[in-house]
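Inspection log for the structure reproduced underneath, given as structure tokens.
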DNA sequence: GTCTATAGTCGGATAGAC
DNA sequence: GTCTATCCGACTATAGAC
């Protein structure tokens with residue numbers, strides 16, 4: 001089901017609706033999508049009711065059906081929206097993080113870029129208010145595959161992990177698909193995720209009341225140390 | 237619909253001579269608990285139906301009510317069971333991991349013990365087949381506080397994080413509640429969690445078909461390197 | 001395009017027999 | 001202690017008017 005970058009938006013199994021371009025309903029559609037994003041971010045697919053979404057979006061229930069076919073279609077549409085906005089965000093972040101890595105950097109340069117990527121990712125996850133909303137959705141879906149798994153895996157997770165794993169491999173001057181590099185990539189990413197999908201737990205653990213630029217800086221500093229450790233030979 | 241092998245259960249199991257008192261329903265209670273543990277491990281509170289649990293446990297629906305009051309009571313009972321078994325498991329693991337740290341170890345010794353704790357924890361999370369069942373339950377509940385949050389936070393999460401944070405602080409010879417040590421503790425723990433609550437995602441990422449002793453060793457080796465990095469001064 | 005009304009389903013909990 | 005039978009509320013989805 002992996003559609004190309006182009007038509008990530010429309011196309012549920014909607015009868016004859018959206019296909020006619022940007023009409024008046026486009027704004028309604030967006031309102032529903034926003035409400036759904038918020039709702040599915042806060043609770044599981046089963047726990048979220050289409051009723052509440054329709055109320056939050058200030059439309060009647062059948063309107064959801066009209067635009068997205070059924071609950072699952074709406075769910076998938078949410079995933080697609082997240083992917084779109086993630087790309088936009090990362091592109092704006094002035095990083096090549098979202099794009100496949102072209103530069104042939106190794107060693108020192110790779111380490112610097114890895115830090116940049118982690119910083120951009122951290123800024124996105126922890127810094128942006130939107131991401132704070134979607135992150136639980138993405139996290140849940142990836143851990144517990146549902147109707148939107150493939151969309152998120154192929155467009156968010158895989159590119160992210162592979163970029164980071166590749167950079168680590170280059171620090172070591174090993175092949176791009178080096179397994180050890182992948183392990184390190186997972187450790188790094190999940191570590192970062194402690195402060196976003198795991199935000200509330202980390203807040204309580206750290207006795208922070210929020211994660212602002214100051215707190216984020218501390219986290220990134222620890223992650224940088226971890227990255228430096230990757231480059232260093234094992235000490236005993 | 238439900239009943240499968242009604243004849244199979246009932247009396248055949250409990251060694252009847254053992255206990256004098258009201259041991260009769262205890263076995264039924266346990267069967268329900270096991271089924272619930274499995275169900276709540278696999279899906280959210282909302283998504284799990286008491287009907288399915290009762291079917292899996294091979295009892296009728298009202299029996300759940302009889303033993304646990306309502307769905308939420310059963311949920312809480314699951315959390316308590318997990319805490320109990322976790323303690324037993326960690327105690328058996330030959331580690332002081334579950335108990336408050338008494339030894340006044342610092343520096344080198346603290347580092348060694350930290351590695352031991354992480355190894356024990358890794359063995360428990362990834363190695364044991366039971367933990368594989370509960371982990372999603374615990375993870376979900378901690379990330380997304382529900383009726384069982386306090387039980388799990390106070391008895392699992394907090395002791396675990398504090399032990400690890402304290403050991404890191406001692407490596408640095410800093411106060412037990414050092415914030416940086418806590419950050420590192422979170423990074424370490426969440427890194428490890430990549431391979432248990434995040435198991436399926438990691439399997440796919442690593443292209444592993446399972447996480448056996450061999451894979452676990454590799455993960456622990458990377459975590460050890462991370463621990464060593466904690467001790468090392470920052471390199472640039 | 002958006003609504004009201006309703007069909008159809010399912011899940012949690014209770015009553016009361018045995 | 002464990003069952004059968006049943007109630008009632010809540011949810012998804014559809015039909016059809018405007």
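Residue numbers (my numbering), protein chains in the order written: chain E, 1 to 236; chain W, 237 to 472.
Ideal placement from N, C-alpha and C gives every residue a C-beta, glycine not left out.
Note that the coordinates shown come from a computational prediction; the quantities given were computed from them, not determined experimentally.
For residue i, the three-state DSSP class (helix, strand or coil)
{"i": "residue 270(W)", "result": "helix"}
{"i": "residue 406(W)", "result": "helix"}
{"i": "residue 135(E)", "result": "helix"}
{"i": "residue 301(W)", "result": "helix"}
{"i": "residue 282(W)", "result": "coil"}
{"i": "residue 157(E)", "result": "helix"}
{"i": "residue 57(E)", "result": "coil"}
{"i": "residue 432(W)", "result": "coil"}
{"i": "residue 453(W)", "result": "helix"}
{"i": "residue 98(E)", "result": "Because residue 98(E) sits at a pLDDT of 46, beneath the cut-off of 50, its placement in the model cannot be relied upon, and the point is left open."}
{"i": "residue 462(W)", "result": "helix"}
{"i": "residue 164(E)", "result": "helix"}
{"i": "residue 416(W)", "result": "helix"}
{"i": "residue 79(E)", "result": "helix"}
{"i": "residue 24(E)", "result": "coil"}
{"i": "residue 202(E)", "result": "helix"}
{"i": "residue 345(W)", "result": "helix"}
{"i": "residue 143(E)", "result": "helix"}
{"i": "residue 178(W)", "result": "Within the shown structure, residues of chain W are numbered from 237 to 472, placing residue 178(W) beyond reach of any answer."}
{"i": "residue 447(W)", "result": "coil"}
{"i": "residue 467(W)", "result": "helix"}
Other residues of its chain near residue i: CB distance less than 6 Å, five sequence neighbours each side excluded
{"i": "residue 286(W)", "result": "300, 307"}
{"i": "residue 125(E)", "result": "131, 196"}
{"i": "residue 237(E)", "result": "Chain E is shown only over 1 to 236; residue 237(E) falls outside these bounds and no answer can be derived."}
{"i": "residue 370(W)", "result": "277, 318"}
{"i": "residue 147(E)", "result": "72, 75, 76"}
{"i": "residue 455(W)", "result": "431"}
{"i": "residue 215(E)", "result": "208"}
{"i": "residue 203(E)", "result": "none"}
{"i": "residue 170(E)", "result": "106, 110"}
{"i": "residue 413(W)", "result": "none"}
Per-residue burial, residue i [other beta carbons within 10 Å of its own, 16 or more giving buried]
{"i": "residue 443(W)", "result": "exposed"}
{"i": "residue 346(W)", "result": "buried"}
{"i": "residue 372(W)", "result": "buried"}
{"i": "residue 30(E)", "result": "exposed"}
{"i": "residue 122(E)", "result": "buried"}
{"i": "residue 98(E)", "result": "Any answer about residue 98(E) is weak, because its pLDDT of 46 lies below 50 and its placement is not dependable; what the coordinates show is given next. With 16 or more other Cβ atoms within 10 Å, it is buried."}
{"i": "residue 468(W)", "result": "exposed"}
{"i": "residue 61(E)", "result": "exposed"}
{"i": "residue 327(W)", "result": "exposed"}
{"i": "residue 107(E)", "result": "exposed"}
{"i": "residue 259(W)", "result": "exposed"}
{"i": "residue 434(W)", "result": "buried"}
{"i": "residue 325(W)", "result": "buried"}
Among the options, the one whose alpha carbon lies nearest that of residue i
{"i": "residue 38(E)", "options": "67(E), 69(E), 61(E), 78(E)", "result": "78(E)"}
{"i": "residue 105(E)", "options": "220(E), 168(E), 183(E), 29(E)", "result": "168(E)"}
{"i": "residue 212(E)", "options": "153(E), 128(E), 183(E), 155(E)", "result": "128(E)"}
{"i": "residue 453(W)", "options": "398(W), 351(W), 305(W), 401(W)", "result": "351(W)"}
{"i": "residue 380(W)", "options": "47(E), 25(E), 33(E)", "result": "47(E)"}
{"i": "residue 356(W)", "options": "377(W), 305(W), 412(W), 425(W)", "result": "425(W)"}
{"i": "residue 459(W)", "options": "158(E), 199(E), 191(E), 214(E)", "result": "191(E)"}
{"i": "residue 44(E)", "options": "59(E), 32(E), 140(E), 69(E)", "result": "140(E)"}
{"i": "residue 193(E)", "options": "179(E), 161(E), 178(E), 177(E)", "result": "161(E)"}
{"i": "residue 205(E)", "options": "437(W), 378(W), 408(W)", "result": "378(W)"}
Other residues of its chain near residue i: CB distance less than 7 Å, five sequence neighbours each side excluded
{"i": "residue 420(W)", "result": "404, 466"}
{"i": "residue 156(E)", "result": "83, 86, 138"}
{"i": "residue 113(E)", "result": "105, 167"}
{"i": "residue 410(W)", "result": "417"}
Proximal residues to residue i (C-beta, below 8 Å), its chain only, five neighbours per side dropped
{"i": "residue 400(W)", "result": "350, 353, 354, 421, 424, 425"}
{"i": "residue 387(W)", "result": "312, 315, 316, 319"}
{"i": "residue 227(E)", "result": "111, 114, 115, 118, 188"}
{"i": "residue 446(W)", "result": "439"}
- Name the residues in the region 135–159 of chain E whose C-beta lies less than 9 Å from a C-beta of chain W; which are they? Hits within the stretch, in order: 136, 139, 140, 142, 143, 144, 145, 153, 157, 158.
- Task: Can you give me, in chain order, the residues of the region 38–50 of chain E that have a beta carbon less than 8 Å from any beta carbon in chain W?
- Result: So the list reads 43, 44, 45, 46, 47, given in the order they occur along the chain.
- Of the residues that make up the region 444–457 of chain W, which ones have a beta carbon closer than 8 Å to any beta carbon in chain E? 454, 455
- Query: the region 173–187 of chain E: which residues have C-beta closer than 9 Å to a C-beta of chain W, in chain order?
  - Reply: 177, 179, 180, 182, 183, 184, 185, 186, 187
- Positions along the region 427–442 of chain W whose CB lies within less than 9 Å of some CB in chain E: 427, 428, 429, 430, 431, 433, 434, 435, 436, 437, 438, 440, 441, 442
- Task: Below 7 Å between beta carbons is the criterion; list the residues of the region 57–73 of chain E that meet it against any residue of chain W, in chain order.
- Result: Answer set for the region 57–73 of chain E: empty.
- Task: Give, in chain order, every residue of the region 105–118 of chain E whose Cβ lies closer than 7 Å to some Cβ of chain W.
- Result: none
- Item | Cβ-based contacts, 7 Å cut-off: residues of the region 358–371 of chain W near chain E | none
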